[in-house]
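Engineer: Structure provided below as structure tokens; questions to follow.
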Amino acid sequence: MTFKKKTKLNMGPQNMISSIEEDETSDIDLKQAAIFLNVQKRRIYDIINVLEGIHLIEKVSKNHVRWIGDHRKEEERKNTPKMIANRKKKWQARQQQQMKKHHQQQQQQQQQQQQKREKQMQHDKLLQLQKANRELELEHGKLIQLEKNIKNCAAHTLQHPHCHLLKNDLDLFLNDLHQQRSPAISDSSISCSSAQQQPFSPSNNSLFLPPLLQQNDDDDHPHSTLNNHHHSPAFIPKQPQPQ
């Protein structure tokens, strides 16, 4: 209790306040207070009414009162501008900490979702690549089989008695073999009819028999060699061997 407020009270209430402040429990028995202050019990009730009126004490029971002045001071100290500002700062700090924590949690969730999406994209891309690889392997197998079929067809056609080759075609064929490449034989590279051959003229490359057929025709056609190809006919069929 402040000195200014104490001066407005007479000696009875002041002594009562002093006795209450000196008590550790702040719980005063009115009978003992009357004995301590050397006043009548009725006078104690008058003092209690005064102190209760200014909210310094409160009645616990009929003969007991409790000091609440310190509690009022504590409440007043809590409501000072400085304390209010401190509480506001603490509240703002807690809010910022909670917002920061929430923001970090959101970032972690976004990162996890991004990683999950990237893993899913990589998995989908891997499946697409595996599918494309299988398709390429199937296509590669088909091309290998087609190459074998073309080679077999070419070998079979070259053995036919009515097969004729252009000099350009054979040169390309020999060059490919020399370079150890697979021969790219188109539909126009092999012909089994004389209607598809170019007419013979000195400006064009003449037709000649492949080496595997030259040996059989050297006796009957002495002018069918490569050195005398300008004097050879437009095409020379392979003569069937006698039975």
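Mapping of the sequence shown onto UniProt numbering: position 103 corresponds to residue 103, and the numbering continues sequentially without gaps. By construction, the Cβ of each residue, glycine as well, lies at the ideal position given by its N, Cα and C atoms. Since this is a predicted model, take the numbers as computed values, not measurements.
Between which two residues does the alpha helix (DSSP H) holding Gln-32 run?
Structural biologist: Position 32 of the sequence shown, counted from the first residue, corresponds to residue 32. Per DSSP, Gln-32 is one residue of the alpha helix (DSSP H) stretching across 30-37.
Engineer: Assign Ala-33 to buried or exposed, taking buried as 16 or more other Cβ atoms, counted over all protein chains shown, within 10 Å of its Cβ.
Structural biologist: Within the sequence shown, numbered from 1, the residue matching residue 33 stands at position 33. It counts as buried.
Engineer: Buried or exposed, going by whether 16 or more other CB atoms sit within 10 Å of the CB of Arg-87?
Structural biologist: For the purposes of this step, residue 87 is taken as residue 87 along the sequence shown, with counting starting at 1. When all chains shown are included, Arg-87 counts as exposed.
Engineer: Starting from His-178, follow the alpha helix (DSSP H) in both directions and report where the run begins and ends.
Structural biologist: Indexing the sequence shown from 1 puts residue 178 at position 178. Run containing His-178: 167-178, per the alpha helix (DSSP H) assignment.
Engineer: If you draw a straight line from the C-alpha of Lys-116 to the C-alpha of His-178, how long is it?
Structural biologist: The residue you call residue 116 lines up with position 116 of the sequence shown. The residue you call residue 178 lines up with position 178 of the sequence shown. When rounded, the distance between both Cα atoms is 56 Å.
Engineer: Based on the DSSP output, what are the partners of Lys-88 in its beta bridges?
Structural biologist: For the purposes of this step, residue 88 is taken as residue 88 along the sequence shown, with counting starting at 1. According to DSSP, Lys-88 bridges with nothing at all.
Engineer: Give the secondary structure of Arg-42 by DSSP, where H, G and I count as helix, E and B as strand, and everything else as coil.
Structural biologist: Working through the sequence shown from its first residue, we reach residue 42 at position 42. Arg-42: helix per DSSP, three-state reduction.
Engineer: If we count the other Cβ atoms within 10 Å of its Cβ and call it buried at 16 or more, is Ile-47 buried or exposed?
Structural biologist: Here residue 47 refers to the residue found at position 47 of the sequence shown. Ile-47 is buried by the Cβ-count criterion.
Engineer: Using 10 angstroms around the beta-carbon of His-164, count the other beta-carbons present and answer buried if the total reaches 16, otherwise exposed.
Structural biologist: In the sequence shown, residue 164 corresponds to position 164, counting from 1. His-164 is buried by the Cβ-count criterion.
Engineer: Tell me the DSSP secondary structure of His-102 in three-state form.
Structural biologist: Position 102 of the sequence shown, counted from the start, is the residue given in the question as residue 102. Reduced to three states, the DSSP call for His-102 is helix.
Engineer: Check the DSSP bridge columns for Val-50 and list the partner residues they point to.
Structural biologist: Against the sequence shown, residue 50 aligns to sequence position 50. BP columns for Val-50 are empty, so no partner.
Engineer: So, is Ser-193 buried or exposed, given that buried needs 16 or more other C-beta atoms within 10 angstroms?
Structural biologist: Taking the first residue of the sequence shown as 1, we reach residue 193 at position 193. Summary for Ser-193: the model assigns pLDDT 41, below 50, so the residue's position carries little reliability, and this model does not support an answer.
Engineer: Taking Val-50 and Lys-59 to be in contact with their CB atoms under 8 Å, please state how far apart those CB atoms are, rounded to whole angstroms.
Structural biologist: Counted from its first residue, the sequence shown places residue 50 at position 50. Counted from its first residue, the sequence shown places residue 59 at position 59. Not really, about 13 Å apart at Cβ, beyond 8 Å.
Engineer: Buried or exposed: Ile-84, going by 16 or more other Cβ atoms within 10 Å of its Cβ?
Structural biologist: For the purposes of this step, residue 84 is identified with residue 84 of the sequence shown, where counting begins at 1. Exposed is the call here.
Engineer: Who are the near neighbours of Asn-38 in its chain, counting only those whose CB is closer than 8 Å to its CB and skipping five residues on each side?
Structural biologist: Mapped onto the sequence shown, residue 38 falls at position 38. Contacts found: none.
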